[in-house]
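In this text, residue positions in the sequence shown follow the UniProt record's numbering: the first is 1, and each later residue adds one. Think of the CB as a built atom: it goes at the ideal place given N, C-alpha and C, for glycine as much as any other residue. None of the values given here were measured: they were computed from a predicted structure. Structure record follows, encoded as structure tokens.
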Amino acid sequence: LKQLSSASATSAPIFAMKKTPRKHQGERYRLKFRRLCRAAKVLVYENAALCDEIARLEAKYLRVREERRFLLARLLQAQALTKYMVQSAVEVKTTVPPSSVHWVHVSL
Numbered sequence: 001l002k003q004l005s006s007a008s009a010t011s012a013p014i015f016a017m018k019k020t021p022r023k024h025q026g027e028r029y030r031l032k033f034r035r036l037c038r039a040a041k042v043l044v045y046e047n048a049a050l051c052d053e054i055a056r057l058e059a060k061y062l063r064v065r066e067e068r069r070f071l072l073a074r075l076l077q078a079q080a081l082t083k084y085m086v087q088s089a090v091e092v093k094t095t096v097p098p099s100s101v102h103w104v105h106v107s108l
């Protein structure tokens, strides 16, 4: 009997698996489930916060884009007006004597 036990001790180790009672195993799964539920809840809140941030940034982007378009239109109008005024002044200088030229101040 001693030889048998010493021979089995030197061969591959045998791991004793404890069987946990069903009650404890159910408790373990319940705790895992609660932990997963909490993690899912945190992810849902984080996702909602990210969606809110995206919506805020999109609104800001649209507002800035509209402002840019408006300012570009105003700039092009001002450039066209300035170009027209310069051309008119050149034409007036060449056709009318200098004493009759009246400058008009245009605010942009």
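Gln79 has its alpha-carbon roughly 18 Å from the corresponding atom of Glu91.
Taken in chain order, the whole beta strand (DSSP E) runs of length 3 or more contained in the UniProt domain "INO80 complex subunit E N-terminal" (29 to 75) number zero.
Leu72 has its alpha-carbon roughly 20 Å from the corresponding atom of Met85.
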